[in-house]
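Q:
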Amino acid sequence: ELSPAGYRSDVVAFGVAESPWHGRDKALATVLMLACGPFLGLRMALGLCVPPRGVAAWFAASCASGLLCKMLSGRASRRGDVDAYLLWHTGWHAFPVAACFFLREWALDDGVLAAAG
17 ELSPAGYRSD
27 VVAFGVAESP
37 WHGRDKALAT
47 VLMLACGPFL
57 GLRMALGLCV
67 PPRGVAAWFA
77 ASCASGLLCK
87 MLSGRASRRG
97 DVDAYLLWHT
107 GWHAFPVAAC
117 FFLREWALDD
127 GVLAAAG
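Everything in the sequence shown is counted per the working numbering, starting at 17 for the first residue and increasing by one.
#1: Can Gly82 and Trp122 be called in contact, C-beta distance under 8 Å?
#2: Could you check what DSSP says for Leu84 in three-state terms: helix, strand or coil?
#3: Given a cut-off of 8 Å, decide if Phe118 and Phe75 are closer than it, judged by their beta-carbon atoms.
#4: With DSSP collapsed to three states, give me the class of Cys65.
#5: Could you pull out every residue in the same chain whose Cβ sits closer than 6 Å to the Cβ of Ser78, ignoring the five residues on either side in sequence?
#6: Among the candidates Ala100, Leu62, Val71, whose CA atom is the shortest distance from the CA of Arg120?
#7: Taking just the CA atoms, how far does Thr46 sit from Val98?
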């Protein structure tokens, strides 16, 4: 997520294990994930919103890739592998941006995917 807590945790307090910003960032990211993910999933399950097949597949792949990156960044952090941590943590931030792009394409239905398909 992009927030002051995320910036403070990832940039200002990078490498400072006892920083209170790490806990705040995790809490905010968890609340956002739980508030948005199940809400959208429930609406899709109830048939209240039905994205085109291509958009849904890319959205799901972006979300799953972001969660995988989060898991791998945690493993790298526990191993003390800073380079791997930075790679995977960057993916944790980048893939949700891609997911937002696919939602935008679906919502506006006039973007890059509509022109291509």
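Note that beta-carbon positions come from the ideal geometry of N, C-alpha and C, so glycine has one too. A quick note: this is a predicted structure, and the numbers were derived from the prediction, not measured.
A: This is what the structure holds:
#1: By 1-based counting over the sequence shown, the position of residue 82 is 66. By 1-based counting over the sequence shown, the position of residue 122 is 106. No; because the gap between Cβ atoms is not below 8 Å, this pair is not in contact.
#2: Residue numbering aside, residue 84 sits at position 68 when the sequence shown is read from its first letter. The DSSP-derived three-state label of Leu84 is helix.
#3: Here residue 75 refers to the residue found at position 59 of the sequence shown. Here residue 118 refers to the residue found at position 102 of the sequence shown. Closer than 8 Å, so yes.
#4: Sequence index remark: in the sequence shown, residue 65 carries index 49 (1-based). Correct three-state label for Cys65: coil.
#5: Indexing the sequence shown from 1 puts residue 78 at position 62. Around Ser78: Phe111, Ala114, Ala115.
#6: The residue given as residue 120 occupies position 104 in the sequence shown. Answer by Cα proximity: Val71.
#7: What you label residue 98 is simply residue 82 of the sequence shown in a count that begins at 1. What you label residue 46 is simply residue 30 of the sequence shown in a count that begins at 1. Distance between the alpha carbons of Val98 and Thr46 is about 23 Å.
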